[in-house]
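Encoded as structure tokens, the structure appears first; notes follow it.
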Amino acid sequence: MSWRKEERRAERGYHHGNLKEALLQAALDLIAQKGAAGFTFADAARMAGVSPAAPYRHFRDRDELLSSIAQRGFEQFEAQLAAAWDDGRPDTVTAFERVGKAYLAFARTEPAFYSAMFESGVAADSTAGLLAAGERAFGVIRAAAERLAALAPPNVPRPPALMMALHIWSMSHGVASLFARGDAARRKLPMAPEELLAAEVLIYLRGLGFTTDRRPASAAEPPPLPDDDKPAGPWGRPK
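According to my numbering, the stretch in the sequence shown is residues 173 to 411, in order.
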């Protein structure tokens, strides 16, 4: 009798439109409730209202399901970061501040996607689609770091732009994971997470001799120096 009920539920799953989408949404709901490691493939099938065998029509296993969710998360993440960056308008510092706020906002409003992206245990290169989506999202942070690097005084050594991007990403991720979550993992903070991140980035940039004063929107920013004119510094020649 129970097998018949499962079959009927599976048929309803296919008839309602898109079983794959139903499974993805069911897994997102479970991640929101239990975390990325707190549910099984069968749990996702049950929440979607289908038989335990039905998900195998679309996903090889639970990891592939999580990988698909993580890829969608990175695609949304990249879109929000890119919109915040807006190609550095009206000026680099203002645009960069928006990127930091967008990072924290995503962790707050999409905690299930955030958990699938960073806490599921699925390798970042488990599929070509996931790897590409993650690289595009990081590419926005790297583009912002390259613009910031162009503002550095020419006689002050600085790390390569890629290293700067990784430093800034680490700071953003730390604040987001600890204090800007939209779930029970969020810790209390006696200030806004955005204020904490802004202070961290300001201290970091000033420590490297960067100009962090806000510029009028009409002020022209200096173009990047040719590689031969950049000081090598303790990290090697900037790239």
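Each residue gets a CB set at the ideal place from its N, CA and C atoms; glycine is no exception.
My understanding is that Arg314 touches Ala284, with C-beta atoms under 8 Å, so please give their C-beta distance in whole angstroms. Arg314 to Ala284, Cβ: 26 Å. No contact.
Buried versus exposed, by CB contacts within 10 Å (16 or more), Leu361: Here Leu361 is exposed, its C-beta having fewer than 16 other C-beta atoms within 10 Å.
Since Leu320 and Phe268 should fall inside the 8 Å C-beta cutoff, what is the C-beta to C-beta distance between them, to a whole number of angstroms? Leu320 to Phe268, Cβ: 6 Å. Contact.
Does the beta-carbon distance from Ala305 to Glu236 come in below 8 Å? In this structure, Ala305 lies away from Glu236, with their beta-carbon atoms at least 8 Å apart.
Measuring alpha carbon to alpha carbon, tell me which residue in Phe382, Tyr376, Ser287, Ala274 is nearest Pro326. The shortest C-alpha separation from Pro326 is found at Phe382.
Buried or exposed: where does Ala255 fall if 16 or more other Cβ atoms within 10 Å of its Cβ makes it buried? With fewer than 16 Cβ atoms within 10 Å of its Cβ, Ala255 is classed as exposed.
Inter-residue CB distance, Leu302 and Pro365 (contact presumed, cutoff 8 Å): Not quite, the Cβ-Cβ distance comes to about 27 Å (not below 8 Å), so this is no contact.
Tell me whether Gly381 sits in a helix, a strand or coil according to DSSP, three-state version. It is coil, neither helix nor strand.
In the DSSP assignment, find the alpha helix (DSSP H) that holds Asp235 and state where it starts and stops. First-last of the alpha helix (DSSP H) with Asp235: 234-257.
For the candidate residues Val222, Leu196, Tyr228, whose alpha-carbon lies nearest to that of Gly245? Put simply, of Val222, Leu196, Tyr228 the residue whose alpha carbon is nearest the alpha carbon of Gly245 is Leu196.
Can you tell me which of the three DSSP states Glu282 falls into? Coil, per DSSP.
Quick check on Pro227: does DSSP put it in helix, strand or coil? In this structure, Pro227 counts as helix in the three-state DSSP scheme.
Burial state of Tyr228, where buried means 16 or more other Cβ atoms lie within 10 Å: Under this definition Tyr228 is an exposed residue.
Can you find the residues in the same chain that come closer than 7 Å, C-beta to C-beta, to Ser287, ignoring five residues on each side of it along the sequence? Cβ neighbours of Ser287 within its own chain (closer than 7 Å, five residues either side excluded): Ile203, Gly207, Ala208.
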